[in-house]
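Take the sequence shown: its position 36, counted from the start at 1, is 17 in my numbering, and no numbers get skipped. Heads up, the beta-carbon is just placed ideally off N, CA and C, and yes, glycines get one too. Working notes, beginning with the structure itself.
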Amino acid sequence: MYDFAVVGVGPAGARVARRAAEAGYDVVAFEQGEIGTPLACSGHVSRDIWEYTPEGAREELLQNEVYGADFHVGGPESDAYPFYKDEPVSNVIDREELDRTLADAASDAGAEIHDGHTVTGVDERSDRVELTVSPDDGDTFAVEARIVAGCDGPVSRTRRAVDLPEPDETLHGVLGFDPEPDHGDFVDVHLTVPSFFAWRIPRGEAGVEYGLAVRPDAESDARARFDRLVDAYGAEIDRFCSGAIPIGPPDSVTSHRVFLVGDAAAQTKPFTGGGILYGMRSADHAVRAIDPDDPATLSAYEAAWRDELATEIRLGHWLRRAYSLPEPIQRLGLRLTSGEIGVHMDRPTTLFSRDHLRSYLP
């Protein structure tokens, strides 16, 4: 009988496992397949990422530093509206290695980490949860835990097993990588995809990341739009992947003895789809709030992560609406607001911060 069982060892799951083990709990975590693969998420993150990694990780993971973004209403040759700081705004990291680094940190803290183990069943009972686990190279077995963390991504089997509600929507994201080195310090954002956007991210010696996301009703058009984007840049893509991006947390992410964290809970930024930091912040709230011997404490987790993120997510939805404004209004808005900024890429509330408002002063 474990105190915590974690399903999924991405950033959110690894953080739950690490923090729970550090708190003295018995923890086991399972990842389907190899940790870090397949890649289905961008490696463009805020500098806050280093607060959640072990010492020395920055030197191993950092690929490039970003100082701003050029926004386009059209393709690569269209007018660029720059938003920037005089210091790095964000970092580009080795996204696959991040997962392995965080999983190793959880293991070092005392959590049992098992990759190549698929959780095929979640049986929630009054006094425990029983997981059915199928390893890649052995017989299926059962594991019991007092509390289970569902950190198994946007199409969460854990969420569905305990009948928790689905996210408001799920976008289809497409990523491709050009190996040609690019040490540029600006990303490119193209407001050319209905209801979302496309992007180009320089990754230093690691090359360039291209991507976009579309609504499910436009999913058949995703690859064609992606091909037009990379063709316009003259890119040669040698690696391609795709994945789901959950937007809009459901009304509840907890049941009697199960709680969701990260993409499984749609703890993501509606205006970019990124969720690495939101998921790990929520993981910290979970371990602080939840007592495995008292499942009633799951409600404290539900309240804690929403207290921190609900306003940011709400404002993020408003920002995303600007992607669908008529093109002339987009151009006018970008022209009026471009220039030096004082915002944090994970916190839309900083649009109203003193630093950002000061950036508009002459």
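Segment limits, alpha helix (DSSP H) that includes residue i
i: Arg76; result: 76 to 89
i: Gly260; result: 257 to 270
i: Pro(-8); result: -8 to 3
i: Ala225; result: Per DSSP, Ala225 belongs to no alpha helix (DSSP H); it is in the beta strand (DSSP E), 220 to 228.
i: Arg196; result: First-last for Arg196: undefined, no H or E at that position.
i: Ile16; result: Careful: Ile16 lies outside any alpha helix (DSSP H) and carries neither H nor E.
i: Ser280; result: 279 to 302
Counterpart residues of residue i in DSSP-defined beta bridges
i: Leu43; result: Ile74
i: Gly102; result: Thr113
i: Pro183; result: Val189
i: Pro63; result: Asp51
i: Leu315; result: In the DSSP output, where bridge partners are listed per residue, Leu315 has none listed.
i: Tyr(-17); result: Ala126
i: Ile94; result: Ala10
i: Phe240; result: Ala130, Thr235
i: Glu321; result: Tyr65
i: Asp163; result: Gly185
i: Val(-12); result: Phe11, Gly131
i: Phe177; result: Val174
Exposure of residue i, with buried meaning 16 or more beta-carbon neighbours within 10 Å
i: Asp51; result: buried
i: Ser41; result: The sequence shown places Glu at residue 41, not Ser. By the neighbour-count rule (16 or more Cβ atoms within 10 Å), Glu41 is not buried but exposed.
i: Arg209; result: exposed
i: Ala277; result: exposed
i: Arg339; result: exposed
i: Leu306; result: exposed
i: His164; result: exposed
i: Gly254; result: buried
i: Ala38; result: buried
i: Pro309; result: exposed
i: Leu296; result: buried
i: Asp133; result: buried
i: Trp299; result: exposed
i: Leu317; result: exposed
i: Gly55; result: exposed
i: Phe333; result: exposed
i: Gly14; result: exposed
Close-in-space but distant-in-sequence residues of the same chain around residue i (CB under 8 Å, 5 per side omitted)
i: Glu150; result: Arg196, Pro197, Pro227, Ile228, Gly229
i: Phe178; result: Val170, His171, Leu172, Leu193, Ala194, Tyr304
i: Thr331; result: Gly323, Val324, His325, His337
i: Phe207; result: Val155, Gly157, Ala179, Tyr191, Gly192, Leu193
i: Ser319; result: Phe52, Tyr62, Pro63, Phe64
i: Ala123; result: Glu111, Leu112, Thr113, Val114
Backbone secondary structure at residue i - three-state DSSP
i: Thr34; result: coil
i: Val170; result: strand
i: Phe252; result: coil
i: Ala201; result: Note that residue 201 is Ser in the sequence shown here, rather than Ala. Here Ser201 sits in helix by DSSP.
i: Asp118; result: coil
i: Val136; result: coil
i: Arg328; result: strand
i: Val143; result: coil
i: Asp108; result: coil
i: Ala216; result: coil
i: Asp274; result: coil
i: Glu58; result: coil
i: Pro309; result: helix
i: Ala247; result: coil
Nonlocal neighbours in the same chain, by C-beta distance under 7 Å from residue i, ignoring five residues either side
i: Ala84; result: Val(-10), Ala(-5), Ile16, Ile94
i: Asp29; result: Leu258, Asp327
i: Glu77; result: Gly17, Thr18, Leu20
i: Leu145; result: Pro231, Ser233, Val234, Ser236, Leu241
i: Pro273; result: Asp(-16), Phe(-15), Tyr6, Arg127, Ile128
i: Gly49; result: Pro63, Phe64, Tyr65, Lys66, Val70, Phe167
i: Arg0; result: Ala264, Asp265, Val268
i: Leu279; result: Thr235, Phe240, Ile271
Continuous beta strand (DSSP E) stretch holding residue i: start and end
i: Leu152; result: 150 to 159
i: His25; result: 25 to 27
Other residues of its chain near residue i: CB distance less than 6 Å, five sequence neighbours each side excluded
i: Glu217; result: Asp159
i: Met(-18); result: Glu125
i: Asp169; result: Asp51, Arg181
i: Arg220; result: Phe158
i: Ala142; result: Val103
i: Gly91; result: Ala2
i: Ser115; result: Thr99, Thr101, Thr121
i: Val189; result: Asp159, Asp163, Pro183
i: Thr139; result: Val(-12), Val103, Gly131, Asp133
Proximity test, Cβ basis, 8 Å: residue i and chain B
i: Gly97; result: No chain B appears in this structure, which consists of one protein chain only.
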